[in-house]
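Here UniProt numbering is used: position 153 in the sequence shown is 153, and no number is missing along the way.
Quick reminder that beta carbons are idealized off the backbone N, C-alpha and C, glycines included.
In what follows, a single structure is set out as structure tokens and then discussed.
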Amino acid sequence: MSALEDERLLWEDMERLEQAIADRVLEDPKHIRERLTRDHQIAQFLVHFRNQAKRAQVLRKDKDRKLASDIQKYTTGDPFQAFNEELAGIKSFHRRYPNEPVEDLERAYKRGPDEKAAAIAELESRFTGEEGCGRFFDLVALHEHYVNLQGVKNIRRIPYVQYIDIFDKFTLPECTLRYNDKMTDDYFKYITSLAKYLESFMERTKPLEDLKKLFESFDKEFEEAWEKDQVPGWEQNVQTGSTALEDDATKDDLFCADCEKAFKNENVYNAHLTGKKHIKAAELRKARGSSKETSNGTSASSANSIHRLKERVIAEREFRVRKLAAAMSTERSDTRVNVERRQGMTDKERQLEIDAMYAETDDKAGGPGAVDGGDDEDEEGKIYNPLKLPLGWDGKPIPFWLYKLHGLGVEFPCEICGNYVYMGRRAFDKHFNEPRHIYGLKSLGVTTTTLFREITKIEEAILLWQKITQNKKQEAQAVENVVQMEDSQGNVMPARIYHNLAKHGLL
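What follows is the structure, encoded as structure tokens:
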């Protein structure tokens with residue numbers, strides 16, 4: 001194959017990829033499983049598109065001058081002779097290799113009959129059952145690791161629901177780990193596993209986002225905070241050279257610098273000073289101090305730099321966990337709600353939920369009961385409706401000229417209906433007799449709704465109703481004043497006043 005044909009094939013492949021991506025973007029799946037399946041397919045197409053673009057760029061540079069020679073052959077010589085030679089070479093190749101499959105780019109990126117089921121199965125293999133196809137976190141193993149850390153296992157066992165709320169808290173009072181506990185290898189493995197899991201979860205649930213740029217911004221923020229000594233829990237105390245663990249204790253606490261432990265009660269603190277653990281810790285601290293004094297400045301500074309480097313690595317993991325947890329706060333809250341919901345379910349209810357989930361998966365993927373060729377019908381029946389036009393009687397979008405003729409693009413909001421927006425004059429005129437508008441008027445105290453046509457503002461409706469009620473009162477008074485009565489002395493008065501005076505014996 002000539003270099004010119006290679007370049008043409010690359011450009012055709014990229015155009016097919018663009019069309020495949022556009023077809024999938026036009027889809028609007030509502031279920032998270034289908035949406036993630038589509039996003040992962042688009043992400044794979046984008047990776048393939050970038051690779052093909054790089055190959056086309058390398059081919060365009062034409063370092064070996066093959067492309068230039070092919071162009072010269074078709075432009076300077078007889079183009080039909082060059083074409084016939086190329087065609088003869090292709091025929092000769094297929095005569096020698098008759099079973100060689102032909103690459104059909106037109107069908108390469110179209111949905112096959114079994115592609116949907118295979119794509120959903122591949123997506124489900126990316127997540128555990130606890131994650132629910134990317135809706136929830138699966139922190140069960142990390143929770144077990146956390147409760148067995150030194151400094152946590154001897155205090156109290158933290159429930160899984162509470163761990164979901166505090167897994168990104170690394171300072172007092174939520175985190176009971178001391179400085180020495182954080183400097184252990186076990187804690188480093190735990191915090192590294194937690195950060196890697198959150199990164200992996202974000203990559204699996206957000207395949208179309210530029211996560212590399214996001215992670216680089218996290219690193220940049222950490223560098224700035226570390227240089228300014230503003231990383232929570234890892235600030236250095238200039239006077240003592242210790243970390244900010246002592247600052248986490250309240251002013252009323254008694255802090256033991258040798259054991260790095262705070263005490264609320266003075267009697268307990270005094271008893272602690274005579275204990276074997278405290279004496280041993282004090283001797284070790286004193287020995288470390290004397291060794292530092294006797295050692296030369298170079299060795300001491302190198303040891304401090306190595307120690308500070310280890311602190312930096314652990315602090316960077318904690319900082320990243322905080323940022324990732326903040327970026328996925330919705331999934332975190334959904335995880336807590338799901339765990340609390342499942343804890344209140346019986347075994348039978350859980351089994352019914354699992355059966356319903358598998359049944360839904362079979363229906364979506366075209367399971368055993370699905371009709372053959374259903375995917376082909378979906379492909380043929382796919383409606384192209386980028387303008388979101390209303391559907392006609394045949395289930396297809398109405399013509400755009402009809403849409404404009406009826407004014408369906410004009411919005412008519414109604415404040416009485418709860419700021420509901422009606423599209424088109426016909427729907428707006430019709431809604432005045434609908435229950436929604438009548439209920440809104442009755443909520444304002446209006447009983448005669450027929451007089452309030454074309455009234456959409458609450459203030460206008462209230463003013464009109466007040467005017468109507470006032471007019472009714474005036475009309476009633478006018479009717480009462482029509483009938484006149486005369487007493488024995490010749491005084492003329494309305495009938496209502498006459499009867500009231502007669503009732504009280506004042507005539």
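Cβ-Cβ separation, residue j to residue i (assumed contact under 8 Å), whole Å
i: Leu36; j: Gly134; result: 6 Å
i: Val152; j: Leu123; result: With a Cβ gap of about 35 Å, Val152 and Leu123 do not count as contacting.
i: Phe188; j: Ile314; result: 6 Å
i: Asp13; j: Leu105; result: 6 Å
i: Ala20; j: Tyr97; result: About 29 Å separates the two Cβ atoms, so there is no contact after all.
i: Val421; j: Phe412; result: 7 Å
i: Arg33; j: Ile120; result: 6 Å
i: Leu142; j: Asp181; result: Actually they are not in contact, since the Cβ atoms of Leu142 and Asp181 sit about 17 Å apart, beyond 8 Å.
i: Ser2; j: Glu86; result: 7 Å
i: Asp229; j: Glu235; result: 5 Å
i: Asp24; j: Gln41; result: Position check: residue 24 holds Arg in this sequence, whereas Asp was assumed. Confirmed, Cβ separation roughly 6 Å.
i: Ala476; j: Met485; result: In fact, because the Cβ distance is near 18 Å, the residues do not count as touching under 8 Å.
DSSP beta-bridge partners of residue i
i: Val410; result: DSSP, once it has assigned bridges, lists no residue as partnering Val410.
i: Leu391; result: Pro397
i: Glu486; result: Val492
i: Tyr422; result: Phe412
Exposure label - residue i; buried when at least 16 CB within 10 Å
i: Ile497; result: exposed
i: Thr76; result: exposed
i: Val102; result: exposed
i: Asp168; result: buried
i: Asp39; result: buried
i: Lys323; result: buried
i: Lys276; result: exposed
i: Ala271; result: exposed
i: Asp487; result: exposed
i: Phe127; result: buried
i: Asp429; result: exposed
i: Ile191; result: buried
i: Leu245; result: The predicted position of Leu245 is uncertain, since its pLDDT is 45 and thus under 50; no value can be drawn from it.
i: Val231; result: buried
i: Val47; result: exposed
i: Gly373; result: For Gly373, the pLDDT reaches just 46, beneath the cut-off of 50, and the residue's location in the model is therefore unreliable, although a value from the coordinates is still provided. Its Cβ having fewer than 16 others within 10 Å, Gly373 is exposed.
i: Thr205; result: buried
i: Val446; result: buried
i: Met202; result: buried
i: Glu4; result: Correcting the residue type first, residue 4 is Leu in the shown sequence and not Glu. Looking at its Cβ environment, which holds 16 or more other Cβ atoms inside 10 Å, Leu4 is buried.
i: Phe80; result: exposed
i: Gln44; result: exposed
i: Asp70; result: buried
Own chain residues within Cβ distance below 6 Å of residue i, not counting five before or after
i: Ala195; result: Arg317, Arg320 and Val321
i: Arg426; result: none
i: Glu130; result: Asp138
i: Asn385; result: Pro397
i: Gly233; result: Phe170 and Thr171
i: His145; result: Tyr190
i: Thr449; result: Ile438 and Leu441
i: Arg342; result: none
i: Asp62; result: Ala68
i: Gly392; result: Ile398
7 Å CB neighbourhood of residue i in its chain, flanking five on each side removed
i: Ile416; result: His437, Gly440, Leu441, Thr456, Ile458 and Ala461
i: Ala82; result: Lys73 and Tyr74
i: His504; result: none
i: Arg156; result: none
Cut-off 8 Å between Cβ atoms - residues of its own chain near residue i, not counting five sequence neighbours on either side
i: Ile164; result: Phe137, Leu139, Arg332, Thr335, Arg336 and Val339
i: Leu451; result: Leu464 and Ile468
i: Gly395; result: Ile383
i: Pro159; result: none
Any non-hydrogen atom of the ligand GDP closer than 8 Å to residue i Cβ
i: Leu172; result: This structure simply doesn't include the ligand GDP, nor any ligand for that matter.
field: Complete alpha helix (DSSP H) runs within the stretch 93-163 (minimum length 4 residues, chain order)
entry: 105-108, 115-126 and 140-147
- request: Quick one: which unbroken alpha helix (DSSP H) runs of 4-plus residues sit fully inside the stretch 311-367? Chain order, please.
  value: 329-343 and 347-365
message: Runs of 4 residues minimum, wholly inside the stretch 1-31: which ones carry the alpha helix (DSSP H) assignment?
response: 3-26
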